[in-house]
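No gaps in the numbering here: position 68 of the first sequence is 1021 in this note's numbering, and each next residue is one more.
All residues carry an ideal CB built from backbone N, CA and C; glycine is no exception.
Below is one structure, written out as structure tokens; the observations come after it.
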Amino acid sequence: MINALRGMKDLTFEESERFVHIVTTAIGIAKKYGYSYIETPILEETKLFRRSVGESSDIVGKEMYQFMDKGDNDVCMRPEGTAGVVRSFVQAKLDRRQNEKFKFYYYGPMFRYERPQKGRLREFHQFGCESFGEGSVYEDFTIIEMIGDIFKALGIGYKLQINSLGCPKCMPPYRENLISFLTECKDELCEDCNRRIDTNPIRVLDCKNEKCQSLLVNSPKLINNLCESCDNDFNKLTTLLQSANIDYEVDTNLVRGLDYYSKTAFEFVSDEIGSQSAIAGGGRYDKLVEFLDGKPTPAVGFALGIERIMELVQMPETSREGYYLGAMDAEAVDSLFPLASKKRATDKVTVEYGAKKLKAHLKGADKVNARYCAVIGEDEFRDGTIWVKDLVEKEEFTIAQSEF
RNA sequence: GUAGGCGUAGUUCAGUUGGUAGAGCACCUGUUUGUGGCACAGGUUGUCGCGGGUUCGAGCCCCGUCGCCUACCCCA
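Structure follows, in structure tokens:
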């Protein structure tokens, strides 16, 4: 027997229904916010992710599904969605159309070569949105509000954490500041953090090590060292969230795992799904379009993890629906098909091809959760009629096949 | 990559100090020759993950291996 690869899952029945429910709910809301669908390839040149996601991230450092294809191209299964959308945006020269806004939503599989655990798969699915050309913090607010709408529509509880990562004006001086702080207490920090001081000092902030965290209480906070523009935007964002009654907490240690974020960063978390608690994350990435050879274009985006959300949504109980058609004698089976074709114009129809006893048909109708069980037996076949039973109201009647 | 837990029927699981495997659910049949869900009665289903070792004898003990889960790391 051949099994699915490690960290990859098949979805069927109730699970696949839930998956589709999440995607269609998110699409409906994204459309109301003016987003249109973008489909980009799953396979991209590896350097796209090296340049956008960043060499220092774990995603690029050790989690990429990367290989050489038959044409000797260095390619990679996308580990996240934003890079491909931005690449597409630049390739279509939409960056040249300054003053225009572009809003895209996407969904599909992402791949990261990690150890699977609860809420973490090697192939997983994200729904995401990217908004280009709008530098206003109102757009950051609107995108957070939209995610809130999606979770509300799905009936999911969450906590929202926000932070500002600053911009090229205020981040570098802060970074230097932080490095000197970290260097001073270097000996007491964990091994990983010592490595991070050189590779990505910002990441020390969200180290899970308790001792590190206790030392970091006194570390300089970026939120207190923002430039005027970043500070104004962050304050505006919190004001907007408050007036919209969206609860949030400022998490000064919230650092997104991808290098391209600046200014607003946010994460939606749930405490009901194990240690992989982020159900959505995103932020502003005003410099990424330039990094990928486009004209400077501000942008904000987010992605939500469909499998993680699947753990949280309850589907309404399915009710009986449609028709089950069967015959009790082999020669009557043929006459089911025109009836099925006709009914399918408006209803769900299941046809049983085998001749069976009435009892077996009734059970069959139960099994496919049909509302009506319709059977042609000996009498009905002779008379050109069909027997129909409403399995909910327990009413039954026999009508001409032409009236079915 | 590291650590812990678990692999027995379609499924959820039990299986004593080692004596050639069991239950619920599901499925099939019947009680009812044309009336479902409920009830009752019967019935089918296993390379005990795989390979080796110890033993008269291994689901159980030992070694190895593969897989799954959880956690670290990191992230959606």
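From L1158 to V1170, what distance separates their C-alpha atoms? One-based indexing of the first sequence puts residue 1158 at position 205. One-based indexing of the first sequence puts residue 1170 at position 217. Between L1158 and V1170, the C-alpha separation is close to 10 Å.
Helix, strand or coil for K962, going by three-state DSSP, please let me know. Locating residue 962 in the first sequence gives position 9, counting from the first residue. Coil.
As assigned by DSSP and simplified to three states, the class of F1357: Locating residue 1357 in the first sequence gives position 404, where the first residue counts as 1. Three-state DSSP puts F1357 in coil, outside helix and strand.
Spell out the partners DSSP gives K1015 in its beta bridges. As a working mapping, residue 1015 is identified with position 62 in the first sequence. DSSP lists no partner for K1015.
Please determine, among K1309, L1292, Y986 and D1145, the residue with the shortest C-alpha to C-alpha distance to V1302. For the purposes of this step, residue 1302 is identified with residue 349 of the first sequence, where counting begins at 1. Minimum Cα distance to V1302 is reached at L1292.
Within the same chain, show all residues whose beta-carbon is closer than 6 Å to that of K1253, passing over the 5 residues directly before and after it, in chain order. Residue 1253 sits at position 300 when you count from the first residue of the first sequence. Position check: residue 1253 holds Val in this sequence, whereas Lys was assumed. If you ignore the 5 residues before and after V1253, its C-beta comes within less than 6 Å of the C-beta of S1084, E1092, D1093, I1096 and R1237, all in its own chain and listed in chain order.
Do you know how far the Cα of I1150 is from the Cα of L1135? Locating residue 1135 in the first sequence gives position 182, where the first residue counts as 1. Locating residue 1150 in the first sequence gives position 197, where the first residue counts as 1. Approximately 7 Å between the Cα atoms of the pair.
Decide if V1090 is buried, meaning its Cβ has at least 16 other Cβ atoms within 10 Å, or exposed. Here the question's residue 1090 lines up with position 137 in the first sequence. The residue in question, V1090, is buried, as its Cβ has 16 or more Cβ neighbours within 10 Å.
Between Y1111 and F1221, is the Cβ-Cβ spacing less than 9 Å? Here residue 1111 corresponds to residue number 158 of the first sequence, with the count starting at 1. Here residue 1221 corresponds to residue number 268 of the first sequence, with the count starting at 1. Yes; because the gap between Cβ atoms is below 9 Å, this pair is in contact.
Report yes if the CB atom of A1256 is closer than 9 Å to the CB atom of F1080, and no otherwise. Reading the first sequence from its first residue, position 303 is the one you call residue 1256. Reading the first sequence from its first residue, position 127 is the one you call residue 1080. Yes, Cβ-Cβ distance for A1256 and F1080 is below 9 Å.
What did DSSP end up calling S1288 once you bin it into helix, strand or coil? The residue you call residue 1288 lines up with position 335 of the first sequence. Looking at S1288 - three-state DSSP - the assignment turns out to be helix.
In whole angstroms, what is the alpha-carbon distance linking G1072 and M1263? Translated into the one-based positions of the first sequence, residue 1072 becomes position 119. Translated into the one-based positions of the first sequence, residue 1263 becomes position 310. The alpha-carbon atoms of G1072 and M1263 are separated by roughly 10 Å.
Does the beta-carbon of A1233 have 16 or more other beta-carbons within 10 angstroms, so that it is buried, or is it exposed? Residue numbering aside, residue 1233 sits at position 280 when the first sequence is read from its first letter. The C-beta of A1233 has 16 or more other C-beta atoms within 10 Å across all chains shown, which makes the residue buried.
Would you be able to state if there are at least three C-beta pairs under 8 Å between the region 968-986 and the region 1025-1036? Below 8 Å, too few C-beta pairs join the region 1025-1036 and the region 968-986 to call them touching: fewer than three.
What separation, rounded to the nearest whole angstrom, lies between the Cα atoms of C959 and M1030? Here residue 959 is taken as the residue at index 6 of the first sequence, counted from 1. Here residue 1030 is taken as the residue at index 77 of the first sequence, counted from 1. It is worth fixing the name first, because residue 959 is Arg in this sequence and not Cys. Taking the straight line from one Cα to the other gives about 16 Å.
Rounded separation between S1172 and S1182 - CA only: Taking the first sequence and counting its residues from 1, one reaches residue 1172 at position 219. Taking the first sequence and counting its residues from 1, one reaches residue 1182 at position 229. The C-alpha of S1172 lies about 23 Å from the C-alpha of S1182.
Take D1200 and list the residues in its own chain whose beta-carbon comes closer than 7 Å to its own, dropping the five residues that flank it on each side. Translated into positions along the first sequence, residue 1200 becomes position 247. Excluding residues within five positions, the ones whose Cβ falls inside 7 Å are L1113.
Threshold first: 3 residues or longer. Then list the beta strand (DSSP E) segments lying entirely within the region 1046-1118, N to C. With a minimum length of 3 residues, the continuous beta strand (DSSP E) runs that stay inside the region 1046-1118 are 1055-1064, 1076-1085 and 1112-1117.
Top-ranked residue by Cα proximity to V1266, from K962, V976 and L1245: On the first sequence, residue 1266 is found 313 positions in, with the first residue counted as 1. Minimum Cα-Cα distance from V1266 among the listed residues K962, V976 and L1245 corresponds to V976.
If I follow the unbroken alpha helix (DSSP H) through D1184, where does it start and stop? Counting from 1 along the first sequence, the entry for residue 1184 is found at position 231. Where D1184 is concerned, the enclosing alpha helix (DSSP H) stretches over E1181 to S1196.
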